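As given, the protein sequences belong to chains V and D, one line each in that order. What the first sequence shows, in the numbering used here, is residues 1 to 629, in sequence order. What the second sequence shows, in the numbering used here, is residues 630 to 1032, in sequence order. C-beta atoms are modelled at their ideal positions from N, C-alpha and C, and glycine is treated no differently. All of these numbers come straight from a predicted model, not from anything done at the bench.
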Amino acid sequence: MADMLATGLSSLRAFQRALDTTAHNISNVSTAGYSRQTVDFAARQPEAYGQNWIGTGVNASSVRRVYDQFVSQQVRNSSGSLARLESFASEAERLDDLLGNTANGLGTSLQSFTDAINEVSSTPNSTSARQVLLSQANSLAQRLRSYDSRLREMSEGIDTKVSAEAGDINEMAAGIARLNGDIAVAVQNSGHAPPDLLDQRDLLIDQLSGKVSVSTVAQGDSSINVFIGNGQPLVLGTTSSQLTTATDPVDPERLRLALQTPAGTVDISRSVAGGSLGGLMDFRREMLDPARNELGRITLAVANQVNAQHREGMDLNGNLGGSLFNVGAVGVNGATTNSGTATVTATRTNVGALTANDYILQRTATGYTMRRADTGASVSFTGTGTVADPILVDGMSIVVGAGIQTDDQYLVRPTRDAIQGFNVAISDPSRIAAAAPIRTSAAAANGGTGTITSGEVLDSSNVNLLSTTNIVFTSATTYSVNGGANQTYAAGGNIDVNGWRVAISGAPATGDTFTIRNNAGATGDNRNAFALADAMKAGVLDGGTASVSAAVDRMTGNIGLNTRSAQLNRDAESVINDTDIATRDALSGVNLDEEAANMLRFQQAYQASAQIISVANSLFDTLINAVRR
Amino acid sequence: MVTRLSTAGFHRNTINAILDSQAKMAKTQTQITTGKRFQTASEDPIAATRAAALDRTLADNAQYERNSNIVESRLSYEEQTLADVTTLLQQVRERALQGANTTLGNEERKMLANDIRQNLAALMDLSNSDDANGEFLFSGTTTGTRPFAQGPGGVSYQGDFTNRQIRISSTQSLPDSHSGVDVFMGIRERNGVFTTNVGATNTGSATIDVGQVSDLSSWVPDNYTLQFTTPSDWQVVDDTLPTPNVIATGTGFTSGQTITFNGVSMKLTGTPAANDTFTIAPAAGVDMFAMLEDLADALVLPTTTPGDAAIFQSRIGGAISNMDKALERVVSVRAEVGSRLNAIDQATETRENEAIDLQSLLSDLRDTDYAAAISQLNIQYAGLQAAQSAYTKIAQMSLFDYL
């Protein structure tokens, strides 16, 4: 027989659970990853009463979380992309702040340096102008070195962050493995997975996707396996692998990521993508390394342009100007895994042909291979690496010493190492070579109309450059240099002797003499300073098409563009992510008004159920009273 | 459209929106306070790159302006000095004309000669002038070396032949001076092509003028002697050639007649005696100091015999021509200085016009449009205020309040 008391009790219990669940929902209104839970009610098994069935109340059949696998996966995907773009963009913004600052960037330093050269050019015998040039040269060198240090710090900072991210990833992986175990036990015991544990595990996988791109596969026992990189297992059931960092054997400035799986250690540096970790690695590869190398290339171009011209001049002491700047040599680093003992030396042969790439030179059984360090793309070269036949590649000459073994690898960085060794070679203002080293003159007694150009230096290393040289016309059409053999005179033609070049034009008469001699004492001569100022404007980079300043502009412009596009991508992804989260929240999020209404509803039902028991009690009392007399 | 809002989602979205508009306001505020539309290249990469190039051009122009001022100052010094040299030469020429007057006595001519020697000393001082920085104007690039020194063989030049080039625009550079040689040395003497002289032993009264060039292409720069075999018959001998070397002859000479050979002509005045000679030689380059010296020397020559008087007339005539040539040289150098100063003015004008264009271009690219920025800030401010007020109102509403 239907039991009103039992029915009332069942509904009391059911609504008690519903109220508990509502309270749980309200409590977790701010809990990350929490999916609201609902109670499913089902009528109890009715009892037969003659030909009719009488209901026996209600059961809270299940408490389940409101969750959609697809919607959650959407959020996970867009959060992962967003995290990657956010870490990329925030690093890019730092780089942009450093190098793209329009008010006091590298361009300003270069301009001040060029202005100082111009100032020396217009007042070559002014010690203060020379002093200003030296201090501007120093501050340019200082600026470049400090940029390089900052970029190096950024790179080291990224290593530190990568290590920290790897630690986080390990913790999350361990958490997922532990929850896999807990859920499996709960399923075994109750047949149902606890919603709160599922939420926690989903949250951990969400967070993990924010660190690095992962793929997940659900197992039959309700555990989830997580894979990283090209499908290397990070979590398998209740076991997790360790992500470790180690210094790259070829490049000591670089960390590599390795996964320690039960099957062995796998290097996943190249296959790791997505998430904030992927963003960091992408940023370093796509922006930071190129910026460092580009800065090195600009440094080399400045040093090369200025030094080449400065060497062709003469200072106030009558000496040939040496180098104005020192630069660091090409960086060559042998891998720690090398079995051979060879020393590899690389020198720059053509600054214009240098690229901003780093290279890896590897010994094969028969020769060498050369590839780019960032992409691994093979690079063509000539030569066999001996002193007589060095390897020639992209403006460098590489000589491999004795003792190389097959598979030995060397990292060659043509440009980056130039900066730390970049400084001003002279400290005495009088040693600035503003003057040309030679002067030319026509003898006062010359009867012809011949004139001689002031001359230019072709080879400042010629030992006879400063020797006095006489060009005497033995007839109107022939001349002799220092009493040598007669040569035919061509008006305006170049005469190249002792490392200099002059041209004589007009109609010299027999016996006319032109003299080229040491220009010592020409304190007012600005010819070399003039040429220096022009050299700073000349195209030197990219096959002679870009001046140093243009290259600086292009570098800061590129950094600005890349940063801008990273910001735009991030903003776009952020909108997508917001929409995805809103969709998930619409489904799974707790709404307090809704819970208030539910609470009201369940409370009323609970009160009504209690009333059922009260009625049942009064019915029972009626019955007892009826039979008491 | 989302039909169901989660409470946490509502708060998050509203707060995000408020944070977002705060960030936008901060950016507008930075644009207003700095006056620049972008602070780093990423905010507008294209404009930033272009602005950097414009900045560079403007900075270059500022440097060219400083350079121009330096050249202009130095050229002005040179121009002033050359004006003084011109005046001096004109005075000397006047003295020479006075001295050429045969009525003047020996004493008076001696005084004129002394006066010219005074002027010579003044010319030395002018040629050794320096500029505001203490650099010699006329010593080429050896600006610390006094350019002219008096020696036993006359005045010699100590400087060099190079002129300092200074850049006054991206495409133009100018020498900031002339070397001493350009101004004072190597002036072609007399008529610029050849010299004429009266033979030292002549007894006749015939004198020779400085001569003229009628056809330069026929002129052969050799040494010639014009000989009078009789007072009316003459022949021209090319001394450079081996005999027979008579290249022209004439008869029936009368005073004031012009004798022509090899594209040059010269007028002889007076009566030659037999065996009187006149020499014709290619003109050499002579320095201005030697020319003054020569004039002073000529003024004190004796004029007693007809031969002496003829020599005196010819020498004075030559010296006056020399003065003309020296003046010509100075005038041509001054013209060059003038054209350089003119070029500087033009370059300055071009630069200033360019600067105005560049500045306005740069301003369009980079400067904050204050009117737009301020109205934008106001809109952002109003929007943020509304968002905040709406948030506080809506967030207060809860069904729990009514339970």
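Next item on the list: Just tell me which of V:137, V:106, V:107 has its CA closest to the CA of residue 116 of chain V.
Entry: V:137
Next item on the list: Please list the partners that residue 793 of chain D has in chain V, where partner means a Cβ-to-Cβ separation under 9 angstroms.
Entry: 121, 122, 124, 524, 525, 526, 527, 530
Check: Hey, would you say residue 438 of chain V sits closer than 8 angstroms to residue 518 of chain V, going by beta carbons?
Finding: yes
Next item on the list: Give the residues of chain V in contact with residue 1033 of chain D, contact being defined as C-beta atoms less than 7 angstroms apart.
Entry: As displayed, chain D neither begins before 630 nor continues past 1032, which places residue 1033 of chain D out of reach and without an answer.
Next item on the list: Quick one: measure Cβ to Cβ for residue 742 of chain D and residue 928 of chain D, integer angstroms, because I've assumed they're closer than 8 angstroms.
Entry: 4 angstroms
Next item on the list: Identify whether residue 253 of chain V lies in helix, strand or coil by the three-state DSSP scheme.
Entry: Coil.
Next item on the list: Tell whether a beta-carbon distance below 8 angstroms holds between residue 327 of chain V and residue 422 of chain V.
Entry: yes
Note to self: Which same chain residues end up closer than 8 angstroms to residue 288 of chain V when comparing Cβ atoms and leaving out the 5 residues on each side of it in sequence?
What the structure shows: Around residue 288 of chain V: 91, 95, 151, 154, 155, 158.
Next item on the list: Report yes or no: do the segment 675 to 686 of chain D and the segment 992 to 1011 of chain D share at least 3 C-beta pairs separated by less than 8 angstroms?
Entry: yes
Checklist line | Residue closest to residue 448 of chain V, alpha-carbon to alpha-carbon, out of V:511, V:628, V:541, V:101 | finding: V:511
Notebook entry, point to check: Quick one: which chain D residues come within Cβ less than 8 angstroms of residue 441 of chain V?
Noted result: 789, 790
Item checked: CB contact below 8 angstroms: residue 671 of chain D versus chain A -> Looking at the structure shown, chain A is missing, and the protein chains on hand are V and D.
Check: How close, in whole Å, do the beta carbons of residue 894 of chain D and residue 975 of chain D come, if the pair is a contact with beta carbons under 8 angstroms?
Finding: Contact flag wrong, Cβ pair sits at about 44 angstroms.
Margin query: Is it the case that the segment 741 to 761 of chain D contacts the segment 409 to 418 of chain V, given that we only count it when at least three CB pairs across the two stretches are under 8 angstroms?
Written below: no
Item checked: Interfacial residues, the segment 550 to 574 of chain V to chain D, with Cβ spacing under 7 angstroms -> Taking a C-beta cut-off of 7 angstroms against chain D, the contacting residues of the segment 550 to 574 of chain V are 553, 556, 557, 559, 560, 561, 563, 564, 567, listed in chain order.
Notebook entry, point to check: How should residue 504 of chain V be labelled, buried or exposed, when 16 other C-beta atoms within 10 angstroms of its C-beta is the threshold for buried?
Noted result: buried
Notebook entry, point to check: Out of curiosity, what's the CA-to-CA distance linking residue 509 of chain V and residue 554 of chain V?
Noted result: 55 angstroms
Notebook entry, point to check: Under 8 angstroms between the Cβ atoms of residue 65 of chain V and residue 37 of chain V?
Noted result: yes
Checklist line | Where the alpha helix (DSSP H) through residue 804 of chain D begins and ends | finding: Run containing residue 804 of chain D: none in the alpha helix (DSSP H); it sits in the beta strand (DSSP E), 802 to 804.
Checklist line | residue 122 of chain V beta carbon less than 8 angstroms from that of residue 971 of chain D | finding: no
Item checked: Residues near residue 1 of chain V by beta carbon distance below 6 angstroms, same chain, minus five either side -> Here residue 1 of chain V scores only 40 on pLDDT, less than 50, and its place in the model is too uncertain to base an answer on.
Check: Would residue 767 of chain D pass as a contact of residue 815 of chain D if the rule is Cβ separation under 8 angstroms?
Finding: In this structure, residue 815 of chain D does not lie closer than 8 angstroms to residue 767 of chain D by Cβ.
Next item on the list: For residue 635 of chain D, decide whether its Cβ has a neighbour in chain V, counting only Cβ atoms nearer than 8 angstroms.
Entry: Yes, residue 635 of chain D counts as interfacial toward chain V.
Next item on the list: Please decide whether residue 29 of chain V counts as near chain D, where near means a Cβ-Cβ distance under 8 angstroms.
Entry: yes
Note to self: Alpha carbons only, please: which of D:865, D:859, D:638 is nearest the one belonging to residue 881 of chain D?
What the structure shows: D:859
Notebook entry, point to check: DSSP three-state call for residue 112 of chain V: helix, strand or coil?
Noted result: helix
Next item on the list: Determine contact between the segment 468 to 479 of chain V and the segment 347 to 367 of chain V, defined as no fewer than three beta-carbon pairs at a distance below 8 angstroms.
Entry: no
Item checked: Spatial distance of residue 623 of chain V from residue 184 of chain V (CA atoms) -> Take the alpha-carbon of residue 623 of chain V and the one of residue 184 of chain V: they are about 52 angstroms apart.
Margin query: For a contact defined as C-beta to C-beta under 8 angstroms, what are the partners of residue 696 of chain D on chain V?
Written below: 118, 121, 122
Checklist line | Cβ-Cβ separation, residue 279 of chain V to residue 43 of chain V (assumed contact under 8 angstroms), whole Å | finding: Not really, about 54 angstroms apart at Cβ, beyond 8 angstroms.
Next item on the list: Would you be able to state if there are at least three C-beta pairs under 8 angstroms between the segment 235 to 243 of chain V and the segment 168 to 187 of chain V?
Entry: yes
Next item on the list: Between the Cα of residue 943 of chain D and those of D:868, D:740, D:730, spot the shortest distance and give me the residue it belongs to.
Entry: D:730
Note to self: With distance defined between alpha-carbon atoms, name the residue in D:650, D:832, D:890 nearest to residue 844 of chain D.
What the structure shows: D:890
Notebook entry, point to check: Got a sec, what are the start and stop residues for the beta strand (DSSP E) residue 894 of chain D sits in?
Noted result: Element bounds for residue 894 of chain D: 893 to 898.
Notebook entry, point to check: Given that a residue counts as buried once 16 or more other Cβ atoms are within 10 Å of its Cβ, and exposed if not, what is residue 630 of chain D?
Noted result: Confidence in residue 630 of chain D is poor, its pLDDT being 48 and thus under 50, which makes the residue's placement unreliable; the coordinate value appears in the next sentence. So residue 630 of chain D ends up on the exposed side.
Next item on the list: Please confirm if residue 590 of chain V has its CB atom under 8 angstroms from at least one CB of chain D.
Entry: yes
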